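Structure first, commentary second.
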Amino acid sequence: MGFNLRGAIMSNIQGSSQEDVEATILDAIQSGEEKMLPGLGVLFEVYWQQADESTKDQLCADISKGLN
1 MGFNLRGAIM SNIQGSSQED VEATILDAIQ SGEEKMLPGL GVLFEVYWQQ
51 ADESTKDQLC ADISKGLN
């Protein structure tokens, strides 16, 4: 029996306010704990699915700049 991590994370963050989302992101980054990475991945997926093509292009450019 498999565990649906994405579904569990979505269930935990469903209905979060903007402040809650920001606090979650900041906590994940500041703690540096790898166990927080799946949650950030799910938040990124939610963002990506809502973004238009221009926003996606800009985001990829910004991330690429940060990797150099």
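Residues in the sequence shown are numbered from 1 upward in steps of one, following UniProt numbering.
We put the CB at the ideal spot given by N, CA and C, even for glycine.
Please read all numbers here as calculations on a predicted model, not as lab measurements.
Under 9 angstroms between C-beta atoms of residue i and residue j
i     : j     : result
Ile13 : Leu43 : yes
Leu67 : Pro38 : no
Ser11 : Thr24 : no
Own chain partners of residue i with C-beta closer than 8 angstroms, once the 5 adjacent residues on each side are dropped
i     : result
Lys56 : Trp48
Leu26 : none
Residue nearest to residue i in terms of C-alpha spacing, selected from the options
i     : options             : result
Leu40 : Ala28, Gly32, Ala61 : Ala28
Lys35 : Ser54, Ile9, Glu19  : Ile9
Terminal residues of the alpha helix (DSSP H) in which residue i lies
i     : result
Gln50 : 37-50
Glu33 : No alpha helix (DSSP H) holds Glu33; DSSP gives it neither H nor E.
Gln58 : 53-66
Ser16 : Neither: Ser16 is in no alpha helix (DSSP H) and is coded neither H nor E.
Same chain, Cβ closer than 6 angstroms to residue i, neighbours up to 5 away in sequence not counted
i    : result
Gly7 : none
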